[in-house]
Amino acid sequence: MLPWFLSMRRKRMACRKSKREQAEKLSFRLAPRYAEKVFEAATAAGISPNQFGRIATMIVAQNGLLGLNQEIHRVREELSDFRRELDDVIFEDEGG
499 MLPWFLSMRR
509 KRMACRKSKR
519 EQAEKLSFRL
529 APRYAEKVFE
539 AATAAGISPN
549 QFGRIATMIV
559 AQNGLLGLNQ
569 EIHRVREELS
579 DFRRELDDVI
589 FEDEGG
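Going letter by letter, the sequence shown gives residues 499 to 594 in my numbering.
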C-alpha cells in the first residue's frame, strides 16, 4: 500500500487535464514590473488587463516568438540594400 501522500498525488495527476485542454484556460502570475506594464498598456488601450493578456497571447501564438526577430532582420536587410543603392548613386554622380 502506498503512503497517503503518494496516493493523493496519483489522484491529482489522474485528474489533470491534457496539455491541449490546459491551453484553453491559462492562468499565470507576472512579476510586479511586468504587471505594471500590462496595467499601463491595457489602460492606455481602454481594455482590461485580462483582455490585454488574451490579445498578447493570441498575437504571439499567431506570429510566433521569432516574429519580431525576423522582422528586425528584414528591416536590417532593407537598410543595407538602401545604403548600397545610395552609395551607387553618389559615386555614379561623382564619376560621371
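Even glycine gets a Cβ: it sits at the ideal position worked out from N, Cα and C.
Residue i by DSSP, collapsed to three states: which one?
i	result
residue 570	helix
residue 528	coil
residue 588	helix
residue 523	coil
residue 577	helix
By Cβ distance, which residues of its chain are closer than 7 angstroms to residue i, with the 5 residues on each side in sequence left out?
i	result
residue 539	550
Starting from the C-beta of residue i, find all residues in its chain whose C-beta is less than 6 angstroms away, skip the five residues before and the five after it, and write them out in chain order.
i	result
residue 524	none
residue 519	none
Just tell me which of the options has its CA closest to the CA of residue i.
i	options	result
residue 552	521, 587, 590 and 585	521
residue 546	533, 569 and 557	533
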